[in-house]
Amino acid sequence: MPKERLPRHIAIIMDGNGRWANERHLPRHEGHRQGVERSREIMRACADLGIQFLTLYAFSKENWSRAKDEVSFLMKLLSNYLDVELREIHKTNIRFRMIGRLNDLPVDIQKKIRKGFEQTKENTGLTLLLALSYSSREEIVDAVKTIATEVKRGIISSDEINEKMVSDSLSTSGIPDPDLLIRTSGEFRLSNFLLWQLSYTEICILDKYWPDFTRNDLLQAIEIYGNRDRRFGRANELVAKVETHG
Ligand code: FPP
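Each residue of the sequence shown is one higher than the last, beginning at 27 in this note's numbering.
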């Protein structure tokens with residue numbers, strides 16, 4: 027695929043770990059363990075392909091209400107993942123970031139994440155964004171509060187509020203919106219993920235559980251994306267003109 031047809035930013039809702047395990051009469055934990063392995067492989071594949079940004083929905087704000095032992099298993103898994111993966115991430119020139127409420131996470135994980143930011147901030151390859159304790163509605167509410175404070179202080183007037191200002195007040199500030207959203211396990215939902223940022227994103231739903239998702243599935247989703255006609259709400263000829271003239 028020519029480089030200019032590649033998505034710059036891929037976001038993934040990694041769904042179906044539990045069902046994958048259930049179908050095999052395994053504990054849900056095993057599904058999550060396999061899920062982590064797939065995310066390692068997919069991150070590497072994205073880095074190899076020259077994708078610039080990869081956002082993985084690893085733990086939602088709503089996930090805190092799962093059974094206590096599942097939550098603590100997921101936190102342990104995340105902690106181990108950070109121990110092993112951050113070294114690999116740094117070695118392969120990947121920049122690590124997260125979106126979501128860092129302070130909700132266990133303190134030892136917060137420390138590892140902060141260290142990861144520091145270590146990898148100058149890296150120039152793929153940027154990996156992990157969504158952890160993430161809620162898109164909460165992120166939008168935070169942005170509204172930030173902007174309201176600026177209005178209250180007289181820094182801007184309410185008439186000056188525009189889309190760019192909202193985008194710049196989100197945790198993804200400075201990162202281009204996703205071009206391609208992949209969701210596994212055949213569900214047609216956004217699940218409170220990047221609601222603002224996904225406005226013009228191409229969506230690819232795969233009927234496969236996340237632990238079964240392979241590099242080939244990624245390539246297939248990229249191929250589907252490459253063949254889509256992205257119009258951003260405009261007419262065809264207009265898009266061609268905009269693309270030609272910058
Ligand atoms: C979805 O499956 C997965 C999660 C809710 C969170 C855990 C995600 C991983 C372990 C993958 C990668 C993690 C890291 C740290 C990169 P589900 O439990 O919702 O499955 P179900 O809908 O079939 O029950």
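For each residue, glycine too, the CB sits at the ideal point set by N, CA and C.
Of all alpha-carbon atoms in Lys147, Leu207, Asp233, Val170, the one lying nearest the alpha-carbon of glutamate 189 is that of Val170. Short note on histidine 51: C-beta not closer than 7 angstroms to any heavy atom of the ligand FPP. Following the DSSP letters along the chain, one finds tyrosine 83 inside the beta strand (DSSP E) bounded by residues 79-86. Arginine 256 and aspartate 203 have their C-alpha atoms some 14 angstroms from each other. Residue ranges of uninterrupted alpha helix (DSSP H) with 4 or more members, entirely inside the segment 152-198 and ordered along the chain, are 162-178, 189-194. When C-beta atoms of the segment 33-53 are compared with those of the segment 209-217, three or more pairs fall below 8 angstroms, so the two segments count as touching.
In this structure, the beta-carbon distance from isoleucine 77 to leucine 32 falls below 8 angstroms.
Residue environment analysis places arginine 179 among the exposed positions, since fewer than 16 neighbouring C-beta atoms fall within 10 angstroms of its C-beta. For tyrosine 235 against tryptophan 90, the beta-carbon gap comes to about 22 angstroms, at or over 8 angstroms, which does not count as contact. Counting other Cβ atoms within 10 Å of its Cβ, aspartate 205 reaches 16 or more and is therefore classed as buried. The beta carbon of glycine 61 lies closer than 7 angstroms to those of Met40, Asn43, Trp236, Pro237 in the same chain, with the five residues before and after it left out.
For the segment 198-253, the full-length alpha helix (DSSP H) segments reaching 4 residues or more read 241-253 along the chain.
For the ligand FPP, no non-hydrogen atom lies closer than 7 angstroms to the CB of tryptophan 90. Beta-bridge partners assigned by DSSP to methionine 124: Leu156. From the listed residues Arg34, Ser225, Ala157, the smallest Cα separation to tyrosine 83 is found for Ala157.
Rounded to the nearest angstrom, the gap between the Cα atoms of glutamate 228 and isoleucine 166 is 21 angstroms. With fewer than 16 other Cβ atoms inside 10 Å of its own Cβ, tyrosine 226 counts as exposed. With distances taken between CA atoms, arginine 54 lies nearest to Ala93 out of Ala93, Ser86, Ile182. Judged by the Cβ position, tyrosine 160 fails to qualify as a neighbour of the ligand FPP at the 7 angstroms threshold, every heavy atom of the ligand being at least this far. With fewer than 16 other beta carbons inside 10 angstroms of its own, alanine 174 counts as exposed.
Where alanine 73 is concerned, the enclosing alpha helix (DSSP H) starts and stops at 54-75. Using a cutoff of 7 angstroms, the CB of glycine 142 does not count as near the ligand FPP, since none of the ligand's heavy atoms is closer than that. The alpha carbon of isoleucine 248 has as its nearest neighbour, out of Val192, Ile68, Met101, the alpha carbon of Ile68. With respect to leucine 108, lysine 138 sits close: the two C-beta atoms are nearer than 8 angstroms. In this structure, DSSP gives histidine 116 a helical state, which the three-state scheme calls helix.
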